[in-house]
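Colleague:
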Amino acid sequence: MEILPENVRNNVKSKDHWTRGFYLVLFFFILYSVIFLLFFIGIFQFVTNLFFNKSNKHLLTFGHSLSLYYHDMIQYISYNSARKPFPFSPWPHGDK
Numbered sequence: 239m240e241i242l243p244e245n246v247r248n249n250v251k252s253k254d255h256w257t258r259g260f261y262l263v264l265f266f267f268i269l270y271s272v273i274f275l276l277f278f279i280g281i282f283q284f285v286t287n288l289f290f291n292k293s294n295k296h297l298l299t300f301g302h303s304l305s306l307y308y309h310d311m312i313q314y315i316s317y318n319s320a321r322k323p324f325p326f327s328p329w330p331h332g333d334k
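Below you can see the structure in the form of structure tokens.
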């Protein structure tokens, strides 16, 4: 009696599937680091806005590109994109 059909067995042995799984775990860790970084950017922007009534333009641009990077990672992790995010692709531009 055959436990697994041949195509399932081939999928399980496929190096491509295991490589993608490795990248999924890697990007999960990076994703949580980005959330942590965004928290501090938000706090810094709040304090800057509170005291100077304006946001830091460099952090606005960086925050925008970071949000695009976050989006790229979610697209990859959820299998909506086969394109690996940075550092395997160019950093998303934060120009508004």
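Per my numbering, the very first residue in the sequence shown carries number 239; after that it's consecutive. Idealized CB from N, CA, C, for every residue including glycine. Since the structure is predicted, the reported quantities are computational estimates derived from the model, not experimental observations.
Could you have a look at W329 and say whether DSSP puts it in helix, strand or coil?
Modeller: To locate residue 329, count along the sequence shown from 1; it is residue 91. Three-state DSSP puts W329 in coil, outside helix and strand.
Colleague: Where does R323 land, buried or exposed, given buried means 16+ other C-beta within 10 angstroms?
Modeller: Stepping through the sequence shown from its first residue, residue 323 is reached at position 85. The residue you asked about is not Arg; residue 323 is Pro in the sequence shown. When all chains shown are included, P323 counts as buried.
Colleague: Smallest Cα separation from P328: which of F260, Y317, D310?
Modeller: Residue numbering aside, residue 328 sits at position 90 when the sequence shown is read from its first letter. Considering only alpha carbons, the answer is D310.
Colleague: Are at least three pairs of beta-carbons, each pair with one atom in the region 261-271 and one in the region 312-322, less than 8 Å apart?
Modeller: Counting Cβ pairs under 8 Å, three or more are found: they touch.
Colleague: Which same chain residues, not among the five before or five after Y261, have their C-beta less than 7 Å away from its C-beta?
Modeller: Position 23 of the sequence shown holds residue 261. These residues qualify, in order along the chain: K322.
Colleague: Express the C-alpha separation of S319 and V285 in angstroms, rounding to a whole number.
Modeller: What you label residue 285 is simply residue 47 of the sequence shown in a count that begins at 1. What you label residue 319 is simply residue 81 of the sequence shown in a count that begins at 1. The straight-line gap from Cα to Cα measures roughly 37 Å.
Colleague: So, helix, strand or coil for N248, using DSSP?
Modeller: Numbered from its first residue, the sequence shown carries residue 248 at position 10. Helix.
Colleague: Buried or exposed: where does L264 fall if 16 or more other Cβ atoms within 10 Å of its Cβ makes it buried?
Modeller: By one-based count along the sequence shown, residue 264 stands at place 26. With fewer than 16 other Cβ atoms within 10 Å, it is exposed.
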